[in-house]
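Accompanying notes for the structure given below.
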DNA sequence: GTGAAAGCGCTAACAA
DNA sequence: TTGTTAGCGCTTTCAC
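Protein chains in written order, with the UniProt record's numbering: chain A, 1 to 347; chain G, 1 to 347.
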């Protein structure tokens, strides 16, 4: 391992000078010519900073903590983590990921803190309303796909309303006249927002909202029966599905009745498990959640907060949802926008 | 932040004594009575070690690097990461996760190294044959769900043969007589091993291996047609499916022909996307890959190597595959065992 | 048994 | 413009 000391000796300057140069704090303090020589030898010797050593003095480790309660267990997580990591690496940070599944949440967070984590991401899945662990309250923190009931922390979330709205509009555009929503019984913002969007779209386009076309189910046996009943009772010709599994129920029911998706009926589903668009079916429109973008943007926000500087030149990714044209190649994808909430607590 | 210095002052001893006690190196060197007092004040003051500071002298950070090429992007990853993290935290380590998707693999690894990572996990998905990045070759390293062509590194993998063998046996036990395999065209150990297991089971049980019952497909449109053709051509009454998506094709084909899974035909699928057993279908047997266990065990191996001590008292998780009885409640699950390969390189 | 002292690699006052 | 010095929190000789 090459140290500043070695560079100092080789260049014939002091360690402090090297330090100044390596930290780009040499403007007007070190003669440009000397600085250049230092940089040259540093490069030649393959010098890399030792962040642990600097952290001892600066109390900055350039380590971010990614704490998630369920996210790392579920298929949804990948994108968030990847986006967060890409952004982190862009700003010169690394991420330590811990998933705290109930058990010893505080112990895991404490472990992270020991390493002098500069700030935290706290992620949940499907935009639940979330109690932030007490041990995180006084740290730089951004919530991801999660909502803080009191709005005390900044958060990054999918625009759930737009998901429902865009999905339903697409079905309307495709000529569907009886559009069903297969939702979720568990209480969460995702469900509320998507249902509201679905409803708004129907009311706006004149079709009107009909509660008998909505069925909320869980991921289990009775779900298939409920969807089946809806099929026979209401004979919908369009389906907006809360996620992959629920789309699957629709497929099963359709196949069993000799109906073909894409001809007899249309389906738009949210691609939670990433199994819909990638593997199964070219006859379906999927809504892509902005997982990668949320992770990326959350880190941008967090780092800006930590370093107390504006996000100059960094744009929030995919700010608007893009609706594919009706004749788009299958499987068509609707990209969902993300929403950023400011914290209302007084810093 | 509480430091050793503060504890030393409060207890009326020197920092070195505190250091000895906190590192459990006080046996016979520090008077038990003094040691007890040190421990007491340490606890009272809420002391926690600063790993960064110690690493400066010891060159041990207790940080593990988790490098994955695709794994963090896919739904399969969660379990591996969670298992690895649990084991890490058990041994007092934390994990920094990076996913290197093609691009700047070496840059990401270099970033990890800067932090003085003690060792690495290198994970891929679906047991591909893998070239290990050069920058990892000289580090403590364990491969996860990946195979090194030259066996130069220890690895932890699912027992692919057993997956195919157990799945097929279960179908035989259930009374199936024409058992199909819906495999994968991409070359990987998972495919080879599972097919071999399928074949062995059929030959052993007397049914015999019939190549016309095997169809290898990709996750896309033609796959459904291929499975459909198999349905009509060979009329199988049992299906072993490489993964969720492929099971889905079988469901679609069955539904369209008025056949019911669990009555007219039986399906055993590998639950890659974790969407099969959890969401869709109680009429199916799923094979669970030992993701969590692989992550856990890989870290056990890695830490043992790093600290150069035996894995005393730590058992490899789920060493044998468990076959659920025929009348097991649905959805039944087959747990797959994992395999450990030693490295053949001379350390 | 215990403590003083040196030093890990780096940063930040302050002097020169 | 540069070097000297002190010290971040900890470990590790080595002397007492």
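We put the beta carbon where it would ideally sit given N, CA and C, even for glycine.
Closer than 9 Å at the beta carbon, the chain A residues around residue i
i	result
residue 95 of chain G	96, 97 and 98
residue 168 of chain G	Neighbours of residue 168 of chain G on chain A: none; closest Cβ ~23 Å, over 9 Å.
residue 230 of chain G	Per Cβ cutoff of 9 Å: no residues; residue 230 of chain G is ~17 Å from chain A at best.
CA-to-CA distance, residue j to residue i, given in whole angstroms
i	j	result
residue 39 of chain G	residue 17 of chain G	11 Å
residue 97 of chain A	residue 132 of chain A	17 Å
residue 169 of chain A	residue 201 of chain A	6 Å
residue 285 of chain G	residue 216 of chain G	20 Å
residue 165 of chain G	residue 95 of chain G	35 Å
residue 253 of chain G	residue 231 of chain G	7 Å
residue 280 of chain A	residue 243 of chain G	The predicted position of residue 280 of chain A is uncertain, since its pLDDT is 45 and thus under 50; a value taken from the coordinates is nonetheless stated next. Rounded to the nearest angstrom, the two C-alpha atoms are 12 Å apart.
residue 319 of chain G	residue 145 of chain G	Caution is warranted here: a pLDDT of 47 is assigned to residue 319 of chain G, below 50, making its placement in the model unreliable, and the coordinate value is therefore given only provisionally. C-alpha separation (whole angstroms): 16 Å.
residue 1 of chain A	residue 59 of chain G	11 Å
residue 278 of chain G	residue 117 of chain A	No answer about residue 278 of chain G holds up, because its pLDDT of 47 lies below 50 and its placement is not dependable.
residue 291 of chain A	residue 123 of chain A	11 Å
residue 151 of chain A	residue 134 of chain A	15 Å
residue 14 of chain A	residue 34 of chain A	11 Å
residue 93 of chain G	residue 54 of chain A	21 Å
residue 333 of chain A	residue 324 of chain A	7 Å
residue 173 of chain G	residue 180 of chain G	15 Å
residue 223 of chain A	residue 51 of chain A	52 Å
residue 105 of chain G	residue 62 of chain A	19 Å
residue 84 of chain A	residue 138 of chain A	21 Å
residue 226 of chain G	residue 154 of chain A	50 Å
residue 81 of chain G	residue 167 of chain A	33 Å
residue 7 of chain G	residue 42 of chain G	6 Å
residue 249 of chain G	residue 183 of chain G	12 Å
residue 218 of chain G	residue 64 of chain A	38 Å
residue 175 of chain G	residue 239 of chain A	38 Å
residue 9 of chain A	residue 107 of chain G	28 Å
residue 211 of chain G	residue 178 of chain G	11 Å
Contact list for residue i against chain A, beta-carbon separation under 7 Å
i	result
residue 116 of chain G	52
residue 203 of chain G	Residues of chain A passing the Cβ test: none, with the nearest at roughly 31 Å.
residue 252 of chain G	251 and 255
residue 89 of chain G	108 and 111
Within chain G, the residues that residue i reaches when beta carbons sit closer than 9 Å
i	result
residue 85 of chain A	72, 97, 98, 99 and 108
residue 48 of chain A	110, 113 and 114
residue 56 of chain A	50, 52, 53 and 56
Beta-ladder partner(s) of residue i, from DSSP
i	result
residue 123 of chain A	A:68 and A:144
residue 341 of chain G	G:155
residue 96 of chain G	A:96 and G:65
residue 313 of chain A	DSSP output for residue 313 of chain A lists no bridge partner at all.
residue 265 of chain G	G:261
residue 241 of chain A	A:182 and A:269
residue 128 of chain G	G:146
Contact test: residue i Cβ vs the ligand SAM heavy atom, cutoff 7 Å
i	result
residue 188 of chain A	The ligand content of the structure shown is nil, which means the ligand SAM is not present either.
Contact set between residue i and chain G, taken where Cβ atoms lie within less than 8 Å
i	result
residue 60 of chain A	Under the 8 Å cutoff, chain G gives no residues; its nearest Cβ is about 11 Å from residue 60 of chain A.
### Task
Enumerate, from N- to C-terminal direction, the unbroken beta strand (DSSP E) stretches of 3 or more residues contained entirely within the stretch 147 to 234 of chain A.
155 to 158, 179 to 184 and 214 to 217
### Query
Counting pairs of beta carbons, one from the stretch 196 to 209 of chain A and one from the stretch 154 to 174 of chain A, are three or more of them closer than 8 Å?
yes
### Message
Under 8 Å: do the stretch 134 to 152 of chain G and the stretch 290 to 310 of chain G share three or more Cβ pairs, one atom per stretch?
### Response
yes
### Query
Are the stretch 110 to 126 of chain A and the stretch 301 to 315 of chain A in contact at 8 Å, needing three or more beta carbon pairs?
yes
### Task
Inspect the CB distances between the stretch 38 to 58 of chain G and the stretch 257 to 269 of chain G and report whether three or more fall short of 8 Å.
no
### Message
Whether or not the stretch 261 to 270 of chain A and the stretch 306 to 313 of chain A are in contact is what I'm after, with contact meaning three or more pairs of Cβ atoms, one per stretch, closer than 8 Å; do they touch?
### Response
no
### Task
Could you tell me whether the stretch 25 to 32 of chain G touches the stretch 184 to 192 of chain A, using the rule of 3 or more Cβ pairs below 8 Å?
no
### Query
If you scan the UniProt domain "HTH lacI-type" (2 to 58) of chain A from start to end, which runs of the alpha helix (DSSP H) of 4 or more residues do you find wholly inside it?
4 to 11, 15 to 22, 32 to 45 and 51 to 58
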